[in-house]
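Peer 1:
Number of protein chains: 2
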Amino acid sequence: MAPASAAASSAAIELLQSHSLTTLVQRELERRILAGELEPGAKLTEEDIAGTLNVSRGPVREAFRALEQAGLVRTEKNRGVFVRQVSVEDADEIYEVRAGLDELIGRLLAARIQPGQLVELRELLKKMQKAARAKSVDAYYPLNVRFHDRLAEFTGNRTLVAHYRRLVNELHLYRRETLARGADSFPISTREHAEIVDALARRDCDRAGKLMYEHAIESRARLHAALEK
Amino acid sequence: MAPASAAASSAAIELLQSHSLTTLVQRELERRILAGELEPGAKLTEEDIAGTLNVSRGPVREAFRALEQAGLVRTEKNRGVFVRQVSVEDADEIYEVRAGLDELIGRLLAARIQPGQLVELRELLKKMQKAARAKSVDAYYPLNVRFHDRLAEFTGNRTLVAHYRRLVNELHLYRRETLARGADSFPISTREHAEIVDALARRDCDRAGKLMYEHAIESRARLHAALEK
DNA sequence: TGATTACAGATTGTTGACAATCTACAAACT
DNA sequence: AGTTTGTAGATTGTCAACAATCTGTAATCA
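Line order of the protein sequences matches chains A and B. Residues 29 to 257 (this note's numbering) are what the first sequence spells out, left to right. Residues 29 to 257 (this note's numbering) are what the second sequence spells out, left to right.
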């Protein structure tokens with residue numbers, strides 16, 4: 029077999045080996061929840077989902093247990109599974125923890141960041157500034173998420189990334205709920221982002237950590253302010 | 029019905045409502061893994077566990093999915109489920125994140141701690157000093173775990189507690205593995221603990237945070253040193 | 001003899017069926 | 001009329017059987 033073809037089939041094999049129906053159902057439900065196709069509070073009926081995805085209830089139930097542990101759904105025995113609703117109080121808690129992890133990310137990353145990673149961050153920064161000038165929330169939001177996700181990834185600490193992503197997912201759920209209530213603000217945080225990248229470039233650990241922490245706290249304040257309106 | 033009896037039966041009802049076989053299996057497996065009855069790397073055969081706990085394979089499989097998400101087991105498709113093995117590199121990552129959360133705990137708690145909570149911490153401190161003098165690792169270790177767990181709980185942030193506990197569980201798994209290899213050291217950290225409580229009592233947020241962070245980093249160093257022997 | 005293939009047993013992945021529980025609506029009672 | 005009780009339908013919890021896959025051993029071949 030030719031090398032290219034061998035690599036392709038090796039990838040296909042790995043796909044089959046890791047993807048049970050359970051993981052596929054889990055991934056699909058996660059996507060639908062985060063995309064807002066399944067709104068917070070919505071009831072997830074086993075048979076409906078099983079029918080939609082053409083599988084039996086077993087894998088669906090297993091996926092539910094995983095999603096429950098991931099904080100995306102809530103289970104009530106004999107009553108059903110519901111998309112998790114994140115209250116303001118919950119969101120405050122989550123933001124508080126996220127601020128702690130962000131500070132850690134800033135501090136660790138300032139000590140380890142690679143030149144190529146700085147280039148990528150600055151490119152993202154440019155795109156975000158462009159979206160901000162165009163006042164396009166739809167363009168800005170995913171870039172912002174990506175920017176912070178890359179920061180976490182660049183630390184090289186997979187445990188950190190996993191915990192960080194879980195928090196971001198839960199906050200995403202909160203944003204879903206506030207969006208549904210019509211409250212949305214344009215996050216004017218490009219200045220803060222630029223300062224963070226500068227501190228990282230200077231390898232100033234304490235400053236980068238502090239900036240990241242404050243950025244998270246201010247994100248929370250921005251969302252609160254938007255809710256007041 | 030008498031009030032006392034009503035309360036008791038209400039508790040019993042709640043027990044039945046929340047405890048499906050899946051959650052019971054999950055809890056029992058978690059207990060056995062953390063207690064070391066199931067060693068890291070051990071294979072968990074569905075039918076064996078189902079037979080031992082007198083349930084069918086369904087609830088066992090669901091519990092597996094939850095434990096997988098909790099980081100306590102690892103699943104290989106068509107091969108089985110294994111108790112997670114935490115490598116030195118994994119443990120380093122986890123300690124790094126734990127240090128970040130500990131710093132956050134110290135900072136938050138210094139601003140919020142209640143007098144009664146300080147009393148409880150000082151009582152724990154006394155017991156730990158007693159165990160340290162007696163050089164009893166078996167007495168010291170659970171007290172140490174409890175001390176840190178209470179610190180997390182006292183912040184009142186349930187999200188923080190959940191993430192913290194997950195990290196501690198994973199580190200517990202690492203300790204299991206090193207214990208099996210005969211490496212164990214007596215953690216001489218009573219001095220650090222006392223300093224932390226003092227900083228909390230003085231409501232010195234920055235100091236408490238810094239002490240907590242350094243304490244976690246030094247715990248890692250101690251475990252590394254023990255491994256070298 | 002060493003490597004490869006074929007097979008048997010064991011284990012996991014998935015499904016469908018049955019039992020237990022809940023929800024909603026209608027009938028009966030005060 | 002309003003509340004309670006009873007019943008039917010729907011949904012979840014659990015189980016057992018079947019299909020697919022893996023592992024180890026024995027037979028086969030160079």
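Here a beta-carbon is modelled for each residue, glycine too, at the ideal position from N, C-alpha and C.
Would you kindly work out how many angstroms separate the C-alpha atoms of Glu242 (chain A) and Asp130 (chain B), rounded to a whole number?
Peer 2: Approximately 18 Å between the Cα atoms of the pair.
Peer 1: If you scan the segment 60 to 131 of chain B from start to end, which runs of the beta strand (DSSP E) of 3 or more residues do you find wholly inside it?
Peer 2: Counting whole runs of 3 or more residues, the segment 60 to 131 of chain B contains the beta strand (DSSP E) stretches 101 to 104 and 108 to 111.
Peer 1: Looking at the unbroken alpha helix (DSSP H) that takes in Arg161 (chain A), where does it start and where does it end?
Peer 2: That run of the alpha helix (DSSP H) goes Pro143 to Arg161.
Peer 1: Which residues in the same chain as Arg148 (chain B) place their Cβ atom closer than 8 Å to its Cβ, once the five residues preceding and following it in sequence are excluded?
Peer 2: In the sequence as presented, Arg is not what sits at residue 148 (chain B); that position holds Glu. Closer than 8 Å at Cβ, skipping near neighbours: Arg178.
Peer 1: Grab me the residues of Ala30 (chain A)'s own chain with a C-beta within less than 6 Å of its C-beta, minus the 5 sequence neighbours each way, in chain order.
Peer 2: Reliability of the predicted coordinates at Ala30 (chain A) is poor, the pLDDT of 42 falling under 50, and no value is obtained from them.
Peer 1: Specify the secondary structure class of Arg235 (chain B) as computed by DSSP and reduced to three states.
Peer 2: In this structure, Arg235 (chain B) counts as helix in the three-state DSSP scheme.
Peer 1: Taking the Cβ atom as the reference point for each residue, do Gly128 (chain A) and Thr73 (chain A) lie within a distance shorter than 8 Å?
Peer 2: Not a contact, by the Cβ cut-off of 8 Å.
Peer 1: For a contact defined as C-beta to C-beta under 9 Å, what are the partners of Gly128 (chain B) on chain A?
Peer 2: Going along chain A in sequence order, the residues near Gly128 (chain B) (Cβ under 9 Å) are Gly128, Leu129, Glu131, Leu132, Ile133, Arg135, Leu136 and Leu188.
Peer 1: Provide the residue span of the alpha helix (DSSP H) that contains His176 (chain B), from first to last.
Peer 2: That run of the alpha helix (DSSP H) goes Val165 to Phe182.
Peer 1: With DSSP collapsed to three states, give me the class of His47 (chain B).
Peer 2: Looking at His47 (chain B) - three-state DSSP - the assignment turns out to be coil, as it is neither helix nor strand.
Peer 1: For Lys155 (chain A) and Phe175 (chain A), I'd like the C-alpha separation in whole angstroms.
Peer 2: Computed Cα separation, rounded: 10 Å.
Peer 1: Return the CA-CA distance between Arg140 (chain A) and Ser164 (chain B), expressed in angstroms with no decimal places.
Peer 2: Cα to Cα, the separation comes out at about 40 Å.
Peer 1: With distance defined between alpha-carbon atoms, name the residue in A:Ser115, A:Lys105, A:Val125 and A:Arg60 nearest to Ala190 (chain B).
Peer 2: Ranking the options by Cα distance to Ala190 (chain B), first place goes to A:Val125.
Peer 1: Could you name the residues of chain B that Ser46 (chain A) contacts, counting a contact when the two beta carbons are closer than 8 Å?
Peer 2: Near Ser46 (chain A) (Cβ distances below 8 Å), the residues of chain B are Lys105.
Peer 1: Rounded to whole angstroms, what is the Cα-Cα separation between Gly150 (chain A) and Val225 (chain A)?
Peer 2: Here the sequence assigns Arg to residue 150 (chain A), which means Gly is not the residue at that position. For Arg150 (chain A) and Val225 (chain A), the distance between alpha carbons rounds to 7 Å.
Peer 1: Three-state secondary structure (DSSP) at Ser247 (chain A)?
Peer 2: Three-state result, Ser247 (chain A): helix.
Peer 1: What are the residues in the segment 72 to 103 of chain A lying within 9 Å of chain B by C-beta distance?
Peer 2: Flagged, chain order: Gly86, Arg89, Glu90, Ala91, Phe92, Arg93, Ala94, Leu95, Glu96, Gln97, Ala98, Gly99 and Thr103.
Peer 1: Is it the case that the Cβ atoms of Ile133 (chain B) and Thr80 (chain B) are separated by a distance below 8 Å?
Peer 2: Not closer than 8 Å, so no.
Peer 1: Can Glu90 (chain A) and Arg102 (chain B) be called in contact, C-beta distance under 8 Å?
Peer 2: Not a contact, by the Cβ cut-off of 8 Å.
Peer 1: How about Ser46 (chain B) and Lys105 (chain A): do their beta carbons lie closer than 8 Å?
Peer 2: Cβ atoms of Ser46 (chain B) and Lys105 (chain A): closer than 8 Å.
Peer 1: Please state whether DSSP places Asn185 (chain B) in a helix, a strand or coil.
Peer 2: Three-state DSSP puts Asn185 (chain B) in coil, outside helix and strand.
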